[in-house]
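Heads up, the thing below is written out as C-alpha coordinates.
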Amino acid sequence: MTSALAISLVLSGCSSKETTEVKDSGGKTDSSDQKVTLTFWDENAGPQRTPIWEELISRFEAKNPDIDVEYVGLPKDSAKQKLDAAIAADDMPDVASLQTSWLPEFSLREALLPLDDYYSQWNEKDKINKSAIEFNKDIVLDNKLYGIPYTQNLDILWYRADWFKEASISPPESWDEFFTAIKSMTDKDNNRYGFTIRGGAGGSFQLQRMLYAYSGIEDYITEDGKSTINDPKHVKFLEEYLSLYKEYTPKSDITNGYKEMIAGFDTGAVAMVHHNIGSYGEHSESLEEGQYAALPLPKSEDGKYVAEGGNTIGISVFKTTENPDAAWELVSFLNSAESQSYWNEQVGQIPTNSDVLNEEWVQNSQHIETAFKVYEDPNLVLYKPAFYLPDYRSILDNVVDPGTQSVMSGKTTVQEFLDEWAKAIEDSQKKYEEHVN
3 MTSALAISLV
13 LSGCSSKETT
23 EVKDSGGKTD
33 SSDQKVTLTF
43 WDENAGPQRT
53 PIWEELISRF
63 EAKNPDIDVE
73 YVGLPKDSAK
83 QKLDAAIAAD
93 DMPDVASLQT
103 SWLPEFSLRE
113 ALLPLDDYYS
123 QWNEKDKINK
133 SAIEFNKDIV
143 LDNKLYGIPY
153 TQNLDILWYR
163 ADWFKEASIS
173 PPESWDEFFT
183 AIKSMTDKDN
193 NRYGFTIRGG
203 AGGSFQLQRM
213 LYAYSGIEDY
223 ITEDGKSTIN
233 DPKHVKFLEE
243 YLSLYKEYTP
253 KSDITNGYKE
263 MIAGFDTGAV
273 AMVHHNIGSY
283 GEHSESLEEG
293 QYAALPLPKS
303 EDGKYVAEGG
313 NTIGISVFKT
323 TENPDAAWEL
333 VSFLNSAESQ
343 SYWNEQVGQI
353 PTNSDVLNEE
363 WVQNSQHIET
373 AFKVYEDPNL
383 VLYKPAFYLP
393 DYRSILDNVV
403 DPGTQSVMSG
413 KTTVQEFLDE
423 WAKAIEDSQK
433 KYEEHVN
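For the numbering used here, count along the sequence shown from 1 and bump the result up by 2.
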(Lines of atoms letter the chains of each structure in order from A and count residues from 1; the text may use other names and numbers.)
(Lines give C-alpha, C1' and ligand atoms only; values in the text may rest on other atoms or scores of the structure.)
Protein backbone atom coordinates (compact mmCIF):
# COMPACT_ATOMS: atom_id res chain seq x y z
CA MET A 1 0.00 0.00 0.00
CA THR A 2 1.43 3.38 -0.97
CA SER A 3 1.73 6.10 1.63
CA ALA A 4 -0.84 8.21 -0.15
CA LEU A 5 -3.35 5.38 -0.26
CA ALA A 6 -2.72 4.51 3.36
CA ILE A 7 -3.31 8.02 4.62
CA SER A 8 -6.40 8.27 2.46
CA LEU A 9 -7.84 5.22 4.18
CA VAL A 10 -6.76 6.35 7.63
CA LEU A 11 -8.16 9.86 7.35
CA SER A 12 -11.08 9.39 5.00
CA GLY A 13 -12.31 5.84 5.46
CA CYS A 14 -13.72 3.67 2.68
CA SER A 15 -17.09 4.54 1.21
CA SER A 16 -19.35 3.62 -1.67
CA LYS A 17 -19.52 5.86 -4.73
CA GLU A 18 -22.18 8.54 -4.77
CA THR A 19 -24.17 8.66 -7.99
CA THR A 20 -26.58 11.48 -7.23
CA GLU A 21 -25.82 14.50 -9.39
CA VAL A 22 -26.05 18.03 -8.09
CA LYS A 23 -28.49 20.21 -9.98
CA ASP A 24 -26.87 22.25 -12.73
CA SER A 25 -27.45 25.71 -11.38
CA GLY A 26 -24.76 27.21 -13.56
CA GLY A 27 -24.06 29.49 -10.63
CA LYS A 28 -26.99 31.70 -11.64
CA THR A 29 -29.54 33.60 -9.64
CA ASP A 30 -33.27 33.20 -10.24
CA SER A 31 -32.83 35.17 -13.46
CA SER A 32 -31.05 32.73 -15.78
CA ASP A 33 -29.77 35.53 -18.05
CA GLN A 34 -28.18 37.55 -15.27
CA LYS A 35 -24.41 37.54 -14.85
CA VAL A 36 -23.40 37.47 -11.21
CA THR A 37 -20.36 38.66 -9.29
CA LEU A 38 -18.95 36.89 -6.25
CA THR A 39 -16.43 38.25 -3.78
CA PHE A 40 -13.83 35.79 -2.51
CA TRP A 41 -11.70 36.54 0.54
CA ASP A 42 -8.38 34.77 1.07
CA GLU A 43 -7.35 34.57 4.75
CA ASN A 44 -3.63 34.14 4.03
CA ALA A 45 -2.73 36.44 1.18
CA GLY A 46 0.82 37.18 0.11
CA PRO A 47 3.26 36.93 -2.78
CA GLN A 48 3.41 33.14 -2.56
CA ARG A 49 -0.29 32.27 -2.31
CA THR A 50 -2.16 35.15 -3.95
CA PRO A 51 -1.06 34.18 -7.51
CA ILE A 52 -2.31 30.63 -6.88
CA TRP A 53 -5.79 31.86 -6.03
CA GLU A 54 -5.80 34.27 -8.95
CA GLU A 55 -4.98 31.43 -11.34
CA LEU A 56 -7.71 29.20 -9.90
CA ILE A 57 -10.24 32.02 -10.14
CA SER A 58 -9.23 32.60 -13.76
CA ARG A 59 -9.82 28.91 -14.50
CA PHE A 60 -13.19 29.02 -12.74
CA GLU A 61 -14.34 32.07 -14.70
CA ALA A 62 -13.30 30.41 -17.97
CA LYS A 63 -15.53 27.44 -17.13
CA ASN A 64 -18.32 29.65 -15.78
CA PRO A 65 -18.55 32.70 -18.06
CA ASP A 66 -21.72 33.84 -16.29
CA ILE A 67 -19.85 34.30 -12.98
CA ASP A 68 -17.21 36.92 -12.15
CA VAL A 69 -15.12 36.52 -9.00
CA GLU A 70 -13.47 39.45 -7.23
CA TYR A 71 -10.45 38.32 -5.22
CA VAL A 72 -9.65 40.11 -1.94
CA GLY A 73 -6.46 39.09 -0.16
CA LEU A 74 -6.23 39.46 3.62
CA PRO A 75 -2.85 39.29 5.38
CA LYS A 76 -2.82 36.29 7.70
CA ASP A 77 -2.10 38.23 10.89
CA SER A 78 -5.10 40.55 10.43
CA ALA A 79 -7.54 38.34 8.52
CA LYS A 80 -9.63 37.34 11.54
CA GLN A 81 -10.04 40.96 12.65
CA LYS A 82 -11.12 42.03 9.17
CA LEU A 83 -13.65 39.22 9.00
CA ASP A 84 -14.96 40.12 12.46
CA ALA A 85 -15.46 43.70 11.31
CA ALA A 86 -17.22 42.56 8.14
CA ILE A 87 -19.62 40.39 10.14
CA ALA A 88 -20.33 43.20 12.61
CA ALA A 89 -21.07 45.57 9.73
CA ASP A 90 -23.15 42.95 7.90
CA ASP A 91 -20.90 43.50 4.89
CA MET A 92 -19.52 40.02 4.29
CA PRO A 93 -18.01 38.39 1.22
CA ASP A 94 -19.84 35.68 -0.69
CA VAL A 95 -17.15 33.04 -0.28
CA ALA A 96 -13.97 32.82 1.78
CA SER A 97 -11.13 30.55 2.76
CA LEU A 98 -11.50 30.10 6.53
CA GLN A 99 -9.47 28.40 9.22
CA THR A 100 -11.33 25.56 10.89
CA SER A 101 -10.97 27.14 14.32
CA TRP A 102 -13.12 30.10 13.21
CA LEU A 103 -16.18 28.05 12.26
CA PRO A 104 -17.76 27.69 15.74
CA GLU A 105 -17.70 31.42 16.42
CA PHE A 106 -18.84 32.44 12.95
CA SER A 107 -21.69 29.91 13.00
CA LEU A 108 -22.90 31.15 16.40
CA ARG A 109 -22.88 34.67 15.00
CA GLU A 110 -25.08 33.31 12.19
CA ALA A 111 -22.63 34.54 9.59
CA LEU A 112 -22.27 31.36 7.54
CA LEU A 113 -24.53 29.44 5.18
CA PRO A 114 -24.98 25.72 5.99
CA LEU A 115 -23.68 23.66 3.08
CA ASP A 116 -25.24 20.31 4.02
CA ASP A 117 -27.80 20.23 1.21
CA TYR A 118 -25.31 21.22 -1.47
CA TYR A 119 -22.74 18.77 -0.15
CA SER A 120 -25.17 15.85 0.07
CA GLN A 121 -26.04 16.23 -3.63
CA TRP A 122 -22.46 16.75 -4.81
CA ASN A 123 -21.26 13.83 -6.90
CA GLU A 124 -17.67 14.22 -5.62
CA LYS A 125 -18.45 14.36 -1.91
CA ASP A 126 -17.08 10.88 -1.19
CA LYS A 127 -13.65 11.98 -2.38
CA ILE A 128 -13.25 14.55 0.40
CA ASN A 129 -11.64 13.42 3.66
CA LYS A 130 -14.59 12.19 5.71
CA SER A 131 -12.93 12.68 9.08
CA ALA A 132 -12.27 16.33 8.22
CA ILE A 133 -15.89 16.83 7.17
CA GLU A 134 -17.19 15.23 10.37
CA PHE A 135 -14.77 17.25 12.50
CA ASN A 136 -16.06 20.48 10.97
CA LYS A 137 -19.61 19.44 11.90
CA ASP A 138 -18.72 18.22 15.38
CA ILE A 139 -17.16 21.49 16.52
CA VAL A 140 -20.20 23.69 15.82
CA LEU A 141 -23.19 23.77 18.14
CA ASP A 142 -25.82 22.87 15.53
CA ASN A 143 -23.67 20.12 13.92
CA LYS A 144 -24.09 21.59 10.45
CA LEU A 145 -21.47 21.79 7.72
CA TYR A 146 -20.10 25.30 7.29
CA GLY A 147 -16.87 24.65 5.42
CA ILE A 148 -15.44 22.17 2.90
CA PRO A 149 -11.76 21.55 3.75
CA TYR A 150 -9.44 21.78 0.76
CA THR A 151 -6.12 21.30 2.54
CA GLN A 152 -4.72 19.54 5.60
CA ASN A 153 -1.64 20.60 7.50
CA LEU A 154 0.79 19.31 10.11
CA ASP A 155 3.26 21.08 12.35
CA ILE A 156 6.85 19.96 11.78
CA LEU A 157 10.43 21.16 12.11
CA TRP A 158 12.24 22.55 9.08
CA TYR A 159 16.02 22.29 9.38
CA ARG A 160 19.07 23.27 7.35
CA ALA A 161 20.13 19.81 6.24
CA ASP A 162 23.36 21.15 4.73
CA TRP A 163 24.43 22.80 8.01
CA PHE A 164 23.67 19.71 10.06
CA LYS A 165 25.68 17.61 7.62
CA GLU A 166 28.64 20.00 7.75
CA ALA A 167 28.57 19.91 11.56
CA SER A 168 28.17 16.10 11.63
CA ILE A 169 25.06 16.50 13.78
CA SER A 170 22.12 14.16 13.29
CA PRO A 171 18.66 15.71 12.97
CA PRO A 172 16.93 15.56 16.39
CA GLU A 173 14.54 12.69 17.03
CA SER A 174 13.87 13.32 20.73
CA TRP A 175 13.18 16.47 22.71
CA ASP A 176 16.54 16.19 24.47
CA GLU A 177 18.23 16.00 21.08
CA PHE A 178 16.12 18.96 19.93
CA PHE A 179 17.43 21.22 22.70
CA THR A 180 20.99 19.94 22.29
CA ALA A 181 20.94 20.55 18.53
CA ILE A 182 19.73 24.13 19.00
CA LYS A 183 22.66 24.89 21.27
CA SER A 184 25.18 23.05 19.08
CA MET A 185 24.06 24.82 15.90
CA THR A 186 24.25 28.31 17.43
CA ASP A 187 27.24 30.41 16.32
CA LYS A 188 26.56 33.96 17.49
CA ASP A 189 29.93 35.21 16.24
CA ASN A 190 28.66 34.50 12.73
CA ASN A 191 25.11 35.68 13.49
CA ARG A 192 23.75 32.16 13.26
CA TYR A 193 21.23 30.81 15.76
CA GLY A 194 20.06 27.27 16.35
CA PHE A 195 16.35 28.10 16.41
CA THR A 196 13.75 30.86 16.18
CA ILE A 197 10.70 31.35 18.41
CA ARG A 198 7.54 32.97 17.05
CA GLY A 199 6.86 35.46 19.82
CA GLY A 200 4.63 37.74 17.76
CA ALA A 201 1.18 37.35 16.22
CA GLY A 202 0.03 33.78 15.68
CA GLY A 203 2.70 32.22 17.86
CA SER A 204 0.05 30.78 20.19
CA PHE A 205 -0.95 28.10 17.69
CA GLN A 206 2.58 26.77 17.34
CA LEU A 207 3.23 27.01 21.07
CA GLN A 208 0.13 24.98 21.90
CA ARG A 209 0.94 22.27 19.37
CA MET A 210 4.47 22.00 20.69
CA LEU A 211 3.28 21.68 24.30
CA TYR A 212 1.00 18.76 23.54
CA ALA A 213 3.54 17.14 21.23
CA TYR A 214 5.94 17.11 24.18
CA SER A 215 3.53 15.99 26.91
CA GLY A 216 1.43 13.49 24.99
CA ILE A 217 -1.67 14.65 26.87
CA GLU A 218 -4.79 13.70 24.92
CA ASP A 219 -7.47 15.76 26.70
CA TYR A 220 -7.50 19.50 26.13
CA ILE A 221 -10.19 19.88 28.79
CA THR A 222 -10.88 17.15 31.35
CA GLU A 223 -14.34 15.77 32.11
CA ASP A 224 -14.61 18.04 35.15
CA GLY A 225 -13.93 21.14 33.06
CA LYS A 226 -10.26 21.62 33.92
CA SER A 227 -7.78 22.77 31.29
CA THR A 228 -4.62 20.72 30.83
CA ILE A 229 -2.66 23.71 29.52
CA ASN A 230 -0.98 24.29 32.90
CA ASP A 231 -0.10 20.64 33.45
CA PRO A 232 3.33 20.28 35.15
CA LYS A 233 4.72 18.68 31.99
CA HIS A 234 3.87 21.81 30.04
CA VAL A 235 5.40 24.04 32.70
CA LYS A 236 8.63 22.04 32.62
CA PHE A 237 8.86 22.11 28.83
CA LEU A 238 8.02 25.78 28.42
CA GLU A 239 10.56 26.89 31.02
CA GLU A 240 13.32 25.19 29.04
CA TYR A 241 11.92 26.24 25.68
CA LEU A 242 11.55 29.97 26.37
CA SER A 243 14.89 30.07 28.17
CA LEU A 244 16.42 29.66 24.70
CA TYR A 245 15.39 33.20 23.83
CA LYS A 246 18.25 35.63 23.08
CA GLU A 247 20.88 33.05 23.98
CA TYR A 248 20.18 30.58 21.18
CA THR A 249 17.49 32.45 19.22
CA PRO A 250 17.42 35.97 17.73
CA LYS A 251 16.53 38.92 19.97
CA SER A 252 13.86 39.95 17.47
CA ASP A 253 11.91 36.76 18.20
CA ILE A 254 9.80 38.50 20.83
CA THR A 255 7.87 40.38 18.14
CA ASN A 256 8.46 38.15 15.12
CA GLY A 257 5.38 36.94 13.28
CA TYR A 258 5.18 34.39 10.51
CA LYS A 259 7.00 36.38 7.82
CA GLU A 260 9.92 37.34 10.05
CA MET A 261 10.25 33.82 11.44
CA ILE A 262 10.32 32.20 8.00
CA ALA A 263 12.66 34.87 6.64
CA GLY A 264 15.14 34.08 9.41
CA PHE A 265 15.29 30.48 8.23
CA ASP A 266 15.28 31.20 4.51
CA THR A 267 18.02 33.86 4.70
CA GLY A 268 20.41 31.70 6.72
CA ALA A 269 20.03 33.23 10.18
CA VAL A 270 18.68 30.14 11.95
CA ALA A 271 19.25 26.40 11.67
CA MET A 272 15.75 25.19 12.59
CA VAL A 273 12.24 26.55 12.64
CA HIS A 274 8.98 25.11 13.93
CA HIS A 275 6.14 25.75 11.53
CA ASN A 276 4.19 23.41 9.28
CA ILE A 277 4.45 21.79 5.88
CA GLY A 278 2.66 24.81 4.38
CA SER A 279 5.76 26.99 4.39
CA TYR A 280 7.35 24.68 1.80
CA GLY A 281 6.57 27.19 -0.95
CA GLU A 282 8.66 29.92 0.67
CA HIS A 283 11.55 27.57 1.46
CA SER A 284 11.63 26.14 -2.06
CA GLU A 285 11.85 29.62 -3.56
CA SER A 286 14.71 30.75 -1.30
CA LEU A 287 16.77 27.60 -0.78
CA GLU A 288 18.20 24.91 -3.02
CA GLU A 289 17.21 21.27 -2.88
CA GLY A 290 19.36 19.55 -0.29
CA GLN A 291 19.79 22.69 1.81
CA TYR A 292 16.62 22.12 3.81
CA ALA A 293 14.39 19.24 4.88
CA ALA A 294 11.43 18.43 7.11
CA LEU A 295 11.37 16.57 10.42
CA PRO A 296 8.43 15.46 12.57
CA LEU A 297 8.11 17.13 15.93
CA PRO A 298 9.75 14.67 18.36
CA LYS A 299 7.58 12.04 19.98
CA SER A 300 6.14 12.65 23.43
CA GLU A 301 7.68 11.38 26.64
CA ASP A 302 5.77 8.12 26.26
CA GLY A 303 6.95 7.60 22.69
CA LYS A 304 3.94 8.75 20.66
CA TYR A 305 3.53 11.26 17.89
CA VAL A 306 0.96 13.91 18.81
CA ALA A 307 -0.88 16.09 16.30
CA GLU A 308 -3.72 18.57 16.52
CA GLY A 309 -7.05 17.42 15.16
CA GLY A 310 -8.85 19.70 12.74
CA ASN A 311 -5.70 21.22 11.27
CA THR A 312 -7.44 22.10 8.03
CA ILE A 313 -8.57 25.13 6.05
CA GLY A 314 -11.82 25.15 4.13
CA ILE A 315 -14.03 27.11 1.77
CA SER A 316 -17.16 28.64 3.30
CA VAL A 317 -20.14 30.62 2.04
CA PHE A 318 -21.46 33.60 3.99
CA LYS A 319 -25.16 33.74 4.76
CA THR A 320 -25.67 37.17 3.18
CA THR A 321 -24.72 36.03 -0.32
CA GLU A 322 -27.37 36.82 -2.90
CA ASN A 323 -26.07 34.05 -5.14
CA PRO A 324 -25.76 30.85 -3.09
CA ASP A 325 -25.85 28.55 -6.13
CA ALA A 326 -23.01 30.43 -7.79
CA ALA A 327 -21.13 30.44 -4.49
CA TRP A 328 -21.45 26.66 -4.25
CA GLU A 329 -20.17 26.32 -7.81
CA LEU A 330 -17.00 28.10 -6.66
CA VAL A 331 -16.75 26.00 -3.49
CA SER A 332 -17.04 22.73 -5.40
CA PHE A 333 -14.63 23.89 -8.11
CA LEU A 334 -11.96 24.79 -5.55
CA ASN A 335 -12.37 21.34 -3.99
CA SER A 336 -12.06 19.45 -7.27
CA ALA A 337 -9.04 17.20 -7.71
CA GLU A 338 -7.52 19.54 -10.30
CA SER A 339 -7.86 22.64 -8.11
CA GLN A 340 -6.71 20.97 -4.91
CA SER A 341 -3.72 19.48 -6.69
CA TYR A 342 -2.70 22.85 -8.12
CA TRP A 343 -3.03 24.68 -4.79
CA ASN A 344 -1.50 22.06 -2.51
CA GLU A 345 1.44 21.20 -4.76
CA GLN A 346 2.68 24.79 -4.75
CA VAL A 347 1.94 25.47 -1.09
CA GLY A 348 3.21 22.07 0.02
CA GLN A 349 0.24 20.80 2.02
CA ILE A 350 -1.91 17.66 1.97
CA PRO A 351 -4.97 17.62 -0.32
CA THR A 352 -8.24 16.39 1.17
CA ASN A 353 -9.45 15.07 -2.19
CA SER A 354 -8.47 11.39 -2.39
CA ASP A 355 -7.99 11.54 -6.18
CA VAL A 356 -4.89 13.69 -5.63
CA LEU A 357 -3.11 11.53 -3.06
CA ASN A 358 -1.49 9.18 -5.57
CA GLU A 359 -0.21 11.89 -7.88
CA GLU A 360 3.53 11.93 -8.53
CA TRP A 361 4.18 15.22 -6.76
CA VAL A 362 2.62 13.85 -3.56
CA GLN A 363 4.66 10.66 -3.72
CA ASN A 364 7.92 12.55 -4.31
CA SER A 365 7.55 15.28 -1.64
CA GLN A 366 9.89 14.72 1.30
CA HIS A 367 7.92 17.01 3.59
CA ILE A 368 4.61 15.33 2.77
CA GLU A 369 6.25 11.94 3.29
CA THR A 370 7.22 13.26 6.72
CA ALA A 371 3.58 14.16 7.39
CA PHE A 372 2.46 10.70 6.25
CA LYS A 373 4.96 9.17 8.68
CA VAL A 374 3.15 10.90 11.53
CA TYR A 375 -0.43 10.48 10.34
CA GLU A 376 0.07 6.78 9.52
CA ASP A 377 1.66 5.92 12.87
CA PRO A 378 -0.69 3.45 14.62
CA ASN A 379 -0.01 5.06 17.99
CA LEU A 380 -0.67 8.62 16.83
CA VAL A 381 -2.49 10.79 19.38
CA LEU A 382 -4.85 13.41 17.93
CA TYR A 383 -5.75 15.93 20.59
CA LYS A 384 -8.70 18.21 19.93
CA PRO A 385 -8.54 21.85 21.04
CA ALA A 386 -11.74 23.53 22.19
CA PHE A 387 -12.52 25.02 18.78
CA TYR A 388 -16.20 24.95 19.75
CA LEU A 389 -15.69 27.70 22.33
CA PRO A 390 -16.86 30.97 20.71
CA ASP A 391 -13.93 32.90 22.16
CA TYR A 392 -11.30 30.20 21.63
CA ARG A 393 -9.47 32.22 19.00
CA SER A 394 -9.69 35.46 20.99
CA ILE A 395 -8.07 33.70 23.96
CA LEU A 396 -5.13 32.72 21.78
CA ASP A 397 -4.84 36.22 20.34
CA ASN A 398 -5.45 38.26 23.49
CA VAL A 399 -4.17 36.04 26.29
CA VAL A 400 -1.62 33.64 24.86
CA ASP A 401 0.28 35.80 22.36
CA PRO A 402 0.88 38.70 24.79
CA GLY A 403 1.43 36.23 27.62
CA THR A 404 4.24 34.57 25.69
CA GLN A 405 5.89 37.94 25.17
CA SER A 406 5.52 38.70 28.86
CA VAL A 407 7.44 35.54 29.76
CA MET A 408 10.09 36.24 27.13
CA SER A 409 10.61 39.74 28.52
CA GLY A 410 10.92 38.42 32.07
CA LYS A 411 7.76 40.09 33.39
CA THR A 412 5.84 36.87 34.02
CA THR A 413 6.79 33.34 35.04
CA VAL A 414 5.84 30.34 32.93
CA GLN A 415 3.60 29.05 35.72
CA GLU A 416 1.72 32.36 35.96
CA PHE A 417 1.31 32.51 32.20
CA LEU A 418 -0.02 28.96 31.85
CA ASP A 419 -2.34 29.42 34.83
CA GLU A 420 -3.83 32.52 33.19
CA TRP A 421 -4.25 30.65 29.91
CA ALA A 422 -5.89 27.69 31.67
CA LYS A 423 -8.29 29.94 33.58
CA ALA A 424 -9.37 31.67 30.38
CA ILE A 425 -10.17 28.31 28.79
CA GLU A 426 -11.99 27.06 31.90
CA ASP A 427 -14.07 30.23 32.21
CA SER A 428 -15.00 30.00 28.55
CA GLN A 429 -15.92 26.33 28.90
CA LYS A 430 -18.19 27.13 31.86
CA LYS A 431 -19.98 29.89 29.95
CA TYR A 432 -20.38 27.59 26.96
CA GLU A 433 -21.93 24.83 29.07
CA GLU A 434 -24.33 27.31 30.68
CA HIS A 435 -25.38 28.49 27.22
CA VAL A 436 -25.83 24.97 25.85
CA ASN A 437 -27.71 23.69 28.88
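Here a beta-carbon is modelled for each residue, glycine too, at the ideal position from N, C-alpha and C.
Beta-ladder partner(s) of residue 445, from DSSP: The structure shown does not extend to residue 445, since the chain is modelled only from 3 to 439, so the question has no answer here.
Of the listed residues 53, 214, 226, 225, nearest to residue 232 (C-alpha basis): 214
Member of 367, 429, 356, 407 whose CA lies at the smallest distance from the CA of residue 133: 356
Beta-carbon proximity of residue 96 to residue 325, cut-off 8 angstroms: yes
Among 383, 291, 189, 332, the one whose alpha carbon lies nearest that of residue 271: 189
Distance, residue 390 Cα to residue 197 Cα: 33 angstroms
Helix, strand or coil at residue 142 according to DSSP, with G and I counted as helix: coil
Identified DSSP bridge partners for residue 194: 189
Backbone secondary structure at residue 314 - three-state DSSP: strand
Distance, residue 439 Cα to residue 429 Cα: 15 angstroms
Pick from 93, 109, 92 that is closest to residue 100, judged by C-alpha positions: 109
Residue 203 at chain B interface by Cβ criterion, 8 angstroms: Of the chains in the structure shown, none is chain B; there is only one protein chain.
Residue interval of the alpha helix (DSSP H) (run including residue 54): 52-65
Residue 151 in three-state terms, based on DSSP: strand
Cα-Cα separation between residue 304 and residue 218, rounded to whole angstroms: 7 angstroms
Whole-number beta carbon distance between residue 70 and residue 39, since they are thought to touch under 8 angstroms: 4 angstroms
Burial state of residue 104, where buried means 16 or more other Cβ atoms lie within 10 Å: buried
Simplified DSSP assignment, three categories, for residue 137: helix
Residue 319, buried or exposed, once every other Cβ within 10 Å from all chains shown has been counted against 16: buried
Whole alpha helix (DSSP H) elements within the region 364-393, 4-residue minimum: 368-377
Bridge-paired residues (DSSP) for residue 331: DSSP output for residue 331 lists no bridge partner at all.
Residue 263 versus residue 184: straight-line alpha-carbon distance, rounded: 16 angstroms
Per DSSP, cross-strand counterpart(s) of residue 276: 159
Assumed close pair residue 259, residue 204 - CB separation to whole angstroms, cut-off 8 angstroms: 6 angstroms
Between the CA atoms of residue 412 and residue 225 - distance to the nearest angstrom: 34 angstroms
Beta-bridge partners of residue 298, as assigned by DSSP: 158
Chain-order list of residues whose beta-carbon lies under 8 angstroms from that of residue 257 (same chain, five-residue window excluded): 201, 202, 407
Sufficient close CB pairs (3 or more, under 8 angstroms) joining the region 74-81 to the region 284-298: no
Cα-Cα separation between residue 253 and residue 146, rounded to whole angstroms: 45 angstroms
Proximity winner among 55, 161, 123, 435, relative to residue 269 (alpha-carbon distances): 161
Proximal residues to residue 420 (C-beta, below 8 angstroms), its chain only, five neighbours per side dropped: 231, 232, 236, 237, 240
Short Cβ contact (8 angstroms threshold) for residue 155 with residue 313: yes
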